Amino acid sequence: MKDYTVDDLRRIARPRLGDKIPLELFRILRIIGMREILGDSSGAALYMIGKKVGNMIGADDIDSFKSRITELKIGIPEVEILDDDHLVVKLYECITCAGFSYTGEMFCDMESGIIAGMLEKVYNKKARSTQKKSWTAGYNYCEFHILLY
Ligand SMILES: [Zn+2]
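Here you go:
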């Protein structure tokens, strides 16, 4: 299996359809497709996928972290730095769950991993992200708690 880079994926030849897809299609792939194929291990697997994605996207500092997340329309992040090892990232308009009805189950594992992966590049440390809030748990944003180690 070949390894591809972000630059490989940027080569898009769709003169009539362009480079945007409906969010509904993304959510079918993400929430139904991936979760059904991966089954009970979907949370951990999606987090690992997100981590790889976040490492590939990367970021130099918190400002570029925020602008990349927004440009890629993953969501609109607000970052609170608690101390040297702890951050809280609130994600408004989350790509996966914004607008979703209450289910009591949080499933933004891939987004959690993307955030951790990007912050690893910002801080040059390992990062672990845990989702604490979501539209599906009764909030109007997603929230992730990050540990740097
Ligand atoms: Zn979310």
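For the sequence shown, the numbering used here gives the first residue as 1, with consecutive numbering after it.
Here a beta-carbon is modelled for each residue, glycine too, at the ideal position from N, C-alpha and C.
Predicted model only: the values in this text are computed from it and were never measured.
In the DSSP assignment, R128 falls within the unbroken beta strand (DSSP E) covering 127-133. Taking 7 Å as the cut-off, one finds no heavy atom of ligand 1 near enough to the beta carbon of T103. Straight-line spacing of the CA atoms in I31 and K132 works out to 18 Å. Using a C-beta cut-off of 8 Å, the stretch 137-148 makes contact with the stretch 87-104, since at least three inter-stretch Cβ pairs fall below that distance.
Nearest C-alpha to E80 among T70, L72, E71, K66: K66. Per the coordinates, the alpha-carbon of M56 lies some 11 Å from the alpha-carbon of L119. By the C-beta criterion, the stretch 83-99 is judged not to be in contact with the stretch 14-22, since fewer than 3 inter-stretch pairs fall below 8 Å. Taking the Cα positions, Y123 is about 31 Å away from L29.
In the DSSP annotation of this structure, F26 is not part of any beta strand (DSSP E); the continuous alpha helix (DSSP H) holding it starts and ends at 23-27. At a Cβ-Cβ threshold of 8 Å, L46 and G99 do not count as neighbours.
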